[in-house]
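S.K.: Attaching a single structure in structure tokens format; questions to follow.
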Amino acid sequence: MAAVAAVGRAPIGPMLVRQTWAEFLKLWRVPAFSATSIGLPLIFYAFIGIGQSSQEIFPHVRFGTYFLASMAVYSVANVMIFSFGISVATERGMKMDLLMRATPLPPLVYLLSRCITAIFFAAVTLAVLFPFAYFAGGVRVDPSVWATLASRVLLGSIPFIALGFAIGYLSGPNSAVAVINLIYLPTAFASGLFFPKQLLPEFIQHISPYLPLHFYGQLGWDAIGAPTNESVATDWLYLAGYGVLFFAIALWAYRREESRKFS
Amino acid sequence: MTVAAQLVDATKKYGNVEALKGVSLNIELGEVVAILGPNGAGKTTSISILLGLRKPTSGKALLFGISPTDLKARSRVGVMLQESGVPAMLKVREIVDLFRSYYPKPMVADRAIAMAGLEEKANSLVKELSGGQRQRLYFALAVCGDPEVLFLDEPTVGMDVEGRRSFIERIAEFAKLGRTVVLTTHYLEEADQLAERVIVIDRGLVIADASPKEIKSKVAGKRVRFSATLTEKDLDGLPITTSTITDHTVQMFTNQPEAVLRELFKRGIEITELEVTGADLEDAFIALTTHKGPA
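First to last, the protein sequences are chains H and D.
Anchor point for the first sequence: position 211 equals 211 in this note's numbering, and the numbering is continuous, going up by one each time.
Anchor point for the second sequence: position 247 equals 1247 in this note's numbering, and the numbering is continuous, going up by one each time.
As structure tokens, this is what we get:
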């Protein structure tokens, strides 16, 4: 049929731009997401970080800098898990996935638009947090340290995208937020993102060194010169392993959904 | 004529339930087709298979001669599904623009919005729309790609009479552009107003495929209704096509109402509240989908 070839398909580029813009607006207009993901790290930093900012917790490492790394890790992982988890769960709940499937939108464009949006939100979070730490917390480090911290935190967040997807497919639209909070907040505490691990109960101290956020956190702390348990290479290796695991779970959950809804 | 959409001996099982028991359809470019049937007849399953949203258990579906999951086929098709959601936090124009970007030759956004009668709501968030407006937004999203074929699955479900009437006019307006329209409905007057071809599906099978006029003529021309105390047995041998008995109300379709009544009187059956009327499409539909014998 010649007509098929003549009409063809819409160009991918403009489609990706439109879709990304729509994904951005969807998240931006939900203050529960946009305000908390940008604002909460600032509030935590103001409450915990600023007061004792100038104290040295390790040789040549002031607490203000150390806690900045903690909050950078916390806020970026938070954006990844929430933006994916909640949007996937909500759209499943609204049966929006069904309509999208009937359109000529390639699924990869859809996925890519969400990744771009999430990375953008993560970058905005850092772009607000870093100056705040600079001015309010008096954090002074070499520009290369800011850059290393930002790039490590952004790259290391990929496993949490997969985790967000997995939660989005495994939980319902109303339970996704609760599930994420129940998983994310306790592991953030257990991984020492809010206060030193030495203050945690002993049994949690045993679990802590195996948590994904522990390795992710160490990438941040190492970037600002704080001592860590494992080498940076080991941290990346573990994070990659968790990434594969979360991705496998997400894929399994996605396929389970596919066979239920579309077979 | 070119075949736009095609089902070839499609069957579908959900577990042990046979939703489709071998349906074959050819829908040609330019046709306006209504797929009619009671709830659970297999209408939505047929549409879902035609659109590649469901896989047939056996048989196949084709859009423009290729697989309906092929994005080239989907680029020529607009879809309105039952109860599908759209993001609440986007504005009408934003989501129309988004859907336009999926299609190779979309219509301008204002035209799609106007076809759906949403001009005044173009800058409102989706969450601010009423149920009827939301339904019209789905219509705007279905037509904004300027598709050659428009699929509508029960587009007017849940609307009041006025809403349904004006919605049917919007669909007719789109069909007038020479486009193919396939809609499912269990509202018979919709099929009668819109379609030049009606496919009746019941219990997973096509039981009729003809123009609304032919469907009407296929069944008996007159509806006879009365109150009486009788059983199916009392109606044996009467020149009727179908009959239903609920409590004391008896309804039957026939081409010879006089002969039927004469015979009933001869058998000594007491009749009250007698009504003889011409069968409309609704009657035809009931007659076609009424199952004889022990259910």
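No residue lacks a Cβ here, since even glycine has one placed at the ideal position from N, Cα and C.
1. In the DSSP assignment, what are the bridge partners of E56 (chain H)?
2. Should the stretch 1130-1146 of chain D be called in touch with the stretch 36-51 of chain H, which here means at least 3 C-beta pairs below 8 angstroms?
3. In whole angstroms, give me the CA-to-CA distance for V1008 (chain D) and L1141 (chain D).
4. Within the continuous beta strand (DSSP E) that includes D222 (chain H), where are the two ends?
5. State buried or exposed for P1068 (chain D), treating a residue as buried only when at least 16 other CB atoms are found within 10 Å of its CB.
6. P196 (chain H): buried (16+ other C-beta within 10 angstroms of its C-beta) or exposed?
7. For a cutoff of 8 angstroms on Cβ pairs, would you count D1192 (chain D) as touching chain H?
8. Which of the three DSSP states, helix, strand or coil, is assigned to V1182 (chain D)?
9. Could you tell me whether the Cβ of P1056 (chain D) comes closer than 8 angstroms to any Cβ of chain H?
10. Could you tell me if D1236 (chain D) is buried or exposed, where buried requires 16 or more neighbouring beta carbons within 10 angstroms of its beta carbon?
11. Determine the direct distance from the alpha carbon of A118 (chain H) to that of S83 (chain H), and round the result to whole angstroms.
12. Any C-beta of chain H within less than 9 angstroms: which residues of the stretch 1088-1099 of chain D qualify?
13. Classify G1293 (chain D) as helix, strand or coil using the three-state DSSP reduction.
14. Which partner residues does Y74 (chain H) have in the DSSP bridge list?
15. So that I know if they touch, is there some Cβ in chain H lying closer than 8 angstroms to that of V1086 (chain D)?
16. Could you tell me whether any non-hydrogen atom of the ligand PLP is closer than 7 angstroms to the CB of Y184 (chain H)?
17. Considering Q1251 (chain D), what are the terminal residues of the beta strand (DSSP E) in which it resides?
18. If distances are taken between C-alpha atoms only, which option among D:K1043, D:E1273, D:D1247 and D:T1229 comes closest to R1267 (chain D)?
19. On a Cα-Cα basis, can you pick out the residue from D:Y1187, D:I1245 and D:F1099 that is closest to P11 (chain H)?
20. Per DSSP, what kind of secondary structure is A136 (chain H) in: helix, strand or coil?
21. Go ahead and pull the three-state DSSP assignment for G1059 (chain D).
22. Check this for me: beta carbons of L1183 (chain D) and P1155 (chain D), under 8 angstroms apart or not?
23. Is A32 (chain H) buried or exposed, if buried means 16 or more other CB atoms sit within 10 Å of its CB?
24. Nearest to R1197 (chain D) by alpha carbon, out of D:Q1082, D:V1032 and D:K1021?
25. Let me confirm a value: P1106 (chain D) is counted as buried when at least 16 other C-beta atoms fall within 10 Å, else exposed. Which label applies?
M.R.: According to the data block:
1. H:R62
2. no
3. 29 angstroms
4. Segment P212 to A223 is the alpha helix (DSSP H) holding D222 (chain H); no beta strand (DSSP E) there.
5. buried
6. exposed
7. no
8. strand
9. no
10. exposed
11. 6 angstroms
12. A1088, M1089, L1090, K1091, E1094, I1095, D1097, L1098 and F1099
13. Any reading at G1293 (chain D) needs caution, since the residue's pLDDT is 40, under 50, leaving its predicted position unreliable; the model's value is listed next. It is coil, neither helix nor strand.
14. DSSP, once it has assigned bridges, lists no residue as partnering Y74 (chain H).
15. yes
16. Annotation note on the ligand PLP: not contained in the displayed structure, which lists no ligands.
17. T1249 to T1254
18. D:T1229
19. D:F1099
20. coil
21. strand
22. yes
23. exposed
24. D:V1032
25. buried
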